[in-house]
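Asker: Let me give you the structure first, and then I'll get to my questions.
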Amino acid sequence: MRICVIFNPAARGNKARHFRHHLDEIGGQSALKATAAAGDARRLAAEAVVAGFDLIVAAGGDGTVNEVLNGIGDAPNGFEKARLGILPLGTVNVFARELKIPLNVERAWHVLQNGREMKIDLPSVKFSKDGVCKKNYFAQMGGAGLDARAIELVDFSVKKKIGPLAYVVAGLKALREKKPQIKVLANGQNYSGELVLVGNGKFYGGTFRIFPAAELHDGLLEICIFPKTNWFALVRIIPNLLAFGKLPKNQAVCLRAEKFELSSDSSAAFELDGEWIGHLPATFSVERKKLRVVVP
Numbered sequence: 002m003r004i005c006v007i008f009n010p011a012a013r014g015n016k017a018r019h020f021r022h023h024l025d026e027i028g029g030q031s032a033l034k035a036t037a038a039a040g041d042a043r044r045l046a047a048e049a050v051v052a053g054f055d056l057i058v059a060a061g062g063d064g065t066v067n068e069v070l071n072g073i074g075d076a077p078n079g080f081e082k083a084r085l086g087i088l089p090l091g092t093v094n095v096f097a098r099e100l101k102i103p104l105n106v107e108r109a110w111h112v113l114q115n116g117r118e119m120k121i122d123l124p125s126v127k128f129s130k131d132g133v134c135k136k137n138y139f140a141q142m143g144g145a146g147l148d149a150r151a152i153e154l155v156d157f158s159v160k161k162k163i164g165p166l167a168y169v170v171a172g173l174k175a176l177r178e179k180k181p182q183i184k185v186l187a188n189g190q191n192y193s194g195e196l197v198l199v200g201n202g203k204f205y206g207g208t209f210r211i212f213p214a215a216e217l218h219d220g221l222l223e224i225c226i227f228p229k230t231n232w233f234a235l236v237r238i239i240p241n242l243l244a245f246g247k248l249p250k251n252q253a254v255c256l257r258a259e260k261f262e263l264s265s266d267s268s269a270a271f272e273l274d275g276e277w278i279g280h281l282p283a284t285f286s287v288e289r290k291k292l293r294v295v296v297p
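Positions 2 to 297 (our numbering) are the ones given, in order, by the sequence shown.
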């Protein structure tokens with residue numbers, strides 16, 4: 002098995018420092034590719050597939066995972082040629098938690114060397130950016146409306162200092178803005194709300210089970226549509242999330258679909274795997290059991 006590990010040498014935090022302590026060991030058993038700028042992980046992953054590596058490891062957070070995933074997809078027949086592995090070094094590591102990958106570096110590395118292959122669904126989004134049609138894959142989750150706008154507003158210098166709380170600060174800023182109405186066309190029906198969350202797996206934002214019915218291999222995506230995202234709505238939702246890790250009943254319209262469209266009459270951002278991507282309209286779809294991942 003040929004392993005290529007893609008990592009950001011500028012990454013900070015305890016997990017990243019711990020990872021560096023194991024660079025000699027990991028480098029002796031794999032090829033190490035360091036990123037220098039945004040987009041490098043995607044390019045390096047595509048190059049690794051073409052070079053014949055059959056396990057491409059994203060050493061980082063959910064954003065790094067998303068870049069590596071898309072890099073595998075950029076290579077011809079990439080998903081047939083290579084598997085995706087994860088060394089979770091990020092702030093939240095939602096996808097790693099979904100796959101039950103240990104957050105400890107040594108244990109996660111052991112999984113990559115000795116784990117099993119699992120085939121899971123591969124979601125993607127088609128949209129237009131600067132007049133060019135784009136396609137992005139995602140592993141775990143997506144969203145349009147308030148959460149994407151909050152990610153768009155995150156100050157990354159603040160994120161380095163306070164971690165996940167930076168998203169709370171940005172979310173408070175987004176709350177004060179006028180919310181676009183997100184329109185959803187799914188299963189022949191029309192819906193709308195100020196926030197739409199999309200799940201391939203159960204977790205969102207850590208260990209919050211926003212999509213409790215989601216399965217990684219059923220060929221469907223979970224959609225949660227929140228009519229309002231004002232202070233009154235959040236007061237009803239957040240305490241239940243913090244206490245029980247799930248949404249209270251009747252606070253969102255939840256449905257499942259293989260393909261659906263999101264649009265808005267005003268400017269509305271969307272995100273994938275916690276990374277800001279662009280603005281609506283966008284078409285979401287999923288390919289069943291297309292992605293191969295290494296799990297415990």
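Beta carbons are placed, not taken as given, at the ideal position from N, Cα and C, and that holds for glycine.
Check this for me: beta carbons of A149 and A269, under 9 Å apart or not?
Answerer: Yes. Within cutoff.
Asker: Roughly how many angstroms lie between the CA atoms of F204 and Q114, to the nearest whole one?
Answerer: Going from the Cα of F204 to the Cα of Q114 covers about 25 Å.
Asker: Could you tell me the distance, in whole angstroms, from the CA atom of G202 to the CA atom of V112?
Answerer: Rounded to whole angstroms, G202 to V112 spans 20 Å at the Cα level.
Asker: Assuming contact is defined by CB atoms lying nearer than 9 Å, are M142 and L273 in contact in what I supplied?
Answerer: Yes.
Asker: Mind checking S31: buried by the 16 CB within 10 Å criterion, or exposed?
Answerer: It is buried - the Cβ of S31 has at least 16 other Cβ atoms within 10 Å.
Asker: Need the endpoints of the alpha helix (DSSP H) that H111 sits in, please.
Answerer: Looking at the DSSP string, the run of the alpha helix (DSSP H) that includes H111 is V106 to N115.
Asker: Note the first and the last residue of the continuous alpha helix (DSSP H) segment covering G28.
Answerer: Element bounds for G28: L24 to Q30.
Asker: Is the separation between the beta-carbon of G206 and that of V93 shorter than 9 Å?
Answerer: Their beta carbons are under 9 Å apart, which means G206 touches V93 by this criterion.
Asker: Taking 8 Å as the limit between beta carbons, can you name the residues of its chain near E259, skipping five residues before and five after?
Answerer: Excluding positions up to five away in sequence, the list reads G220, L221, L222, S286 and V287.
Asker: Measure how close the beta-carbons of G144 and V197 come, nearest whole angstrom, since I'm counting them as under 8 Å.
Answerer: Right, the Cβ-Cβ distance comes to about 7 Å (below 8 Å), so this counts as a contact.
Asker: Under a three-way DSSP split, which group does G275 fall into?
Answerer: Here G275 sits in coil by DSSP.
Asker: Would you list the one or two residues that DSSP bridges to V296?
Answerer: Paired residue(s): R117.
Asker: Identify, in the order they occur along the chain, each residue of the same chain with its Cβ nearer than 7 Å to the Cβ of R210, setting aside the five sequence neighbours on each side.
Answerer: K203, F204, G246 and K247.
Asker: Note down the Cα distance separating G1 from A175, rounded to an integer number of angstroms.
Answerer: Since the first residue shown for the chain is 2 and the last is 297, residue 1 is missing from the structure and cannot be characterised.
Asker: What do you reckon, are the CB atoms on I102 and I87 nearer than 9 Å?
Answerer: For I102 and I87, yes; Cβs fall inside 9 Å.
Asker: Closer than 9 Å, CB to CB, is R21 near chain B or not?
Answerer: The structure shown contains no chain B; it is built from a single protein chain.
Asker: Following the continuous beta strand (DSSP E) through F8, name the residue where it begins and the one where it ends.
Answerer: It spans I4 to F8 - the beta strand (DSSP E) in which F8 sits, taken as one unbroken run.
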